[in-house]
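**Q**
Residue numbers (this note's numbering): 579 to 978.
1) Any idea which residues DSSP pairs residue 672 with across the strands?
2) Quickly, what does DSSP pair residue 910 with across the bridge? List them, please.
3) For the region 858-870 and the region 797-806, state whether three or more C-beta atom pairs, one from each stretch, are separated by less than 8 Å.
4) On the DSSP letters alone, give me the boundaries of the beta strand (DSSP E) that residue 937 sits inside.
5) Who are the Cβ neighbours of residue 699 in its own chain at under 7 Å, not counting the five residues just before and after it?
6) Grab me the residues of residue 766's own chain with a C-beta within less than 8 Å of its C-beta, minus the 5 sequence neighbours each way, in chain order.
7) Measure the alpha-carbon distance for residue 888 versus residue 940 and round it to whole angstroms.
8) Here's a check: name, in chain order, each residue in its chain whose Cβ is nearer than 6 Å to the Cβ of residue 924, leaving out the five neighbours to either side.
9) Is the distance from the Cβ of residue 735 to the Cβ of residue 772 below 8 Å?
10) Let me know if residue 711 comes out buried or exposed under the rule of 16 or more other beta-carbons within 10 Å of its beta-carbon.
11) Helix, strand or coil for residue 617, going by three-state DSSP, please let me know.
12) For a quick check, are the C-beta atoms of residue 725 and residue 742 less than 8 Å apart?
13) So who's on the other strand from residue 905, going by DSSP bridges?
14) How many angstroms separate the CA atom of residue 937 from the CA atom of residue 921?
15) Name the two residues that bound the continuous beta strand (DSSP E) containing residue 716.
16) Counting along the chain, where does the alpha helix (DSSP H) carrying residue 661 start and finish?
17) Find the nearest neighbour of residue 926 within the set 688, 869 and 704, judged by alpha-carbon distance.
18) State the beta-bridge partners of residue 626 as determined by DSSP.
19) In whole angstroms, what separates the C-alpha of residue 841 from that of residue 775?
20) Can you tell me whether residue 673 is buried or exposed? The criterion is at least 16 other CB atoms within 10 Å of its CB, across all chains shown.
21) Might you give, ordered along the chain, the residues of its own chain that have their beta carbon closer than 6 Å to the beta carbon of residue 902, omitting 5 neighbours on each side?
22) With a threshold of 6 Å on Cβ separation, who are the neighbours of residue 755 within its own chain once the five nearest residues in sequence on each side are excluded?
23) Determine the direct distance from the alpha carbon of residue 671 to that of residue 624, and round the result to whole angstroms.
24) By DSSP, does residue 830 sit in helix, in strand, or in coil?
25) Do you know how far the Cα of residue 781 is from the Cα of residue 823?
26) Is residue 633 helix, strand or coil by DSSP?
27) Would you call residue 874 buried or exposed, if buried means 16 or more other Cβ atoms sit within 10 Å of its Cβ?
28) Have a look at residue 676 and residue 647 and give me their C-alpha separation to the nearest angstrom.
29) So is residue 812 buried or exposed if we call it buried at 16+ other beta carbons inside 10 Å?
30) Would you mind sorting residue 629 into buried or exposed? The rule is 16 or more other CB atoms within 10 Å of its CB.
31) Could you check if residue 943 is buried or exposed, using at least 16 other CB atoms within 10 Å of its CB as the buried criterion?
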């Protein structure tokens, strides 16, 4: 415990200039019997016993100790400081050395200059836990091998040791060793914010589920399963979603960034893109009153045939760019509004032959928006040769 304290006062022989013994003796005359000053470097000296080892006694120690921990010996205090990595600080006015009390301002002296008495304090720093060590895990069934850097963490417990991974990874490993019961408790956490790619997220969820199922080996030793159906179901659902995201990524040849964009909007667009590009099908969603803009060579303002219609379907094509998980995607879409009626048609200002339609639900069932997306206009036109063909498929779309 006192190793660092002793080291702090070790003399630097290379710069040492001896303080005359007569000066040290004169300074020692003011100390209690059995104590003298000994030089520690070229300018300073400290109080030491004339014979034997030195023992200290302090008061006003600054240390945080939980109520359930009782420290009764120096060894226990030393062990506690090490386990919690706390520095022990004292601002006491005096200390007791080998039973003799002296002022703190007397403990360290210089015969050549004054020392501010308010600057005196003792700080005892425990040895550090040391550098992180590598820990290898393996999930053989998925062909996953990973290495984590594990560092011991401060823990206010005299019988347990806490360790945690410190490398920047989606997975965080924590484990507590109970030295009394001789067992180990393992915890695994996920932090998607640390992921740069979708594949990192997928791997993390696979490993997380494998920990639950007891399919992980650590340094060649298989861990026991930790049955938790609720956690496993949630992780499995998340894994299924991110695998869907990766499938869309590969299909569209784009790189998604897991932490960019709004989560809800991203998830909605992934579902739309998966339906369109992976399943090659249309989708529909419920909608309220809505508007859209389309071109027409006819003058549609006040067109009674449009305004007086009952329930109808309006089909149109749209070019749009969307941003999903940080990737800009150009889409060419066939769209339709189902179970609607036109409330108004107005020309778009400063745009020739373009009109804005305002449509409302035709019945209490509400409007459905149906769509199917394509990467190019050529793909759109090749799939749907005419508007009637597009409307037929869109009208039969299943809800997203």
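Note that the Cβ used here is the ideal one computed from N, Cα and C, for glycine as well.
**A** The short version:
1) Paired residue(s): 681.
2) According to DSSP, residue pairing for residue 910 in a beta bridge involves 897 and 952.
3) In short, these stretches do not touch, since the Cβ pair count stays below three.
4) Element bounds for residue 937: 932-939.
5) 667, 668 and 669.
6) Counting only Cβ-Cβ distances below 8 Å, and skipping sequence neighbours, we find 749, 750, 751, 752, 785, 786 and 789.
7) Computed Cα separation, rounded: 7 Å.
8) In the same chain as residue 924, and ignoring 5 residues on each side of it, the C-beta atoms closer than 6 Å to its own belong to 934, in chain order.
9) Going by C-beta atoms, residue 735 is not nearer than 8 Å to residue 772.
10) The residue in question, residue 711, is exposed, as its Cβ has fewer than 16 Cβ neighbours within 10 Å.
11) It is a strand residue.
12) It is not a contact, given that the beta carbons lie outside the stated cut-off.
13) For residue 905, which the question treats as bridged, DSSP gives the partners 902.
14) Spanning the two alpha carbons is a distance of roughly 5 Å.
15) Note, residue 716: beta strand (DSSP E), 711-717.
16) In the DSSP annotation of this structure, the continuous segment of the alpha helix (DSSP H) that includes residue 661 starts and ends at 652-662.
17) The shortest Cα separation from residue 926 among 688, 869 and 704 belongs to 869.
18) According to DSSP, residue 626 bridges with 614.
19) Rounded to the nearest angstrom, the two C-alpha atoms are 15 Å apart.
20) Buried is the call here.
21) These residues qualify, in order along the chain: 844 and 847.
22) Around residue 755: 739 and 762.
23) Pairing residue 624 with residue 671, the inter-Cα distance amounts to about 16 Å.
24) The three-state reading of DSSP puts residue 830 in helix, counting H, G and I together.
25) Going by C-alpha positions, residue 823 is about 13 Å away from residue 781.
26) In the structure shown, residue 633 falls within a coil segment according to DSSP collapsed to helix, strand and coil.
27) Classification of residue 874: exposed, given that the 10 Å Cβ count is below 16.
28) Cα to Cα, residue 676 sits roughly 28 Å from residue 647.
29) Residue 812 counts as exposed, since fewer than 16 other C-beta atoms from the protein chains shown sit within 10 angstroms of its C-beta.
30) With fewer than 16 Cβ atoms within 10 Å of its Cβ, residue 629 is classed as exposed.
31) Only exposed fits residue 943, as fewer than 16 other CB atoms lie within 10 angstroms of its CB.
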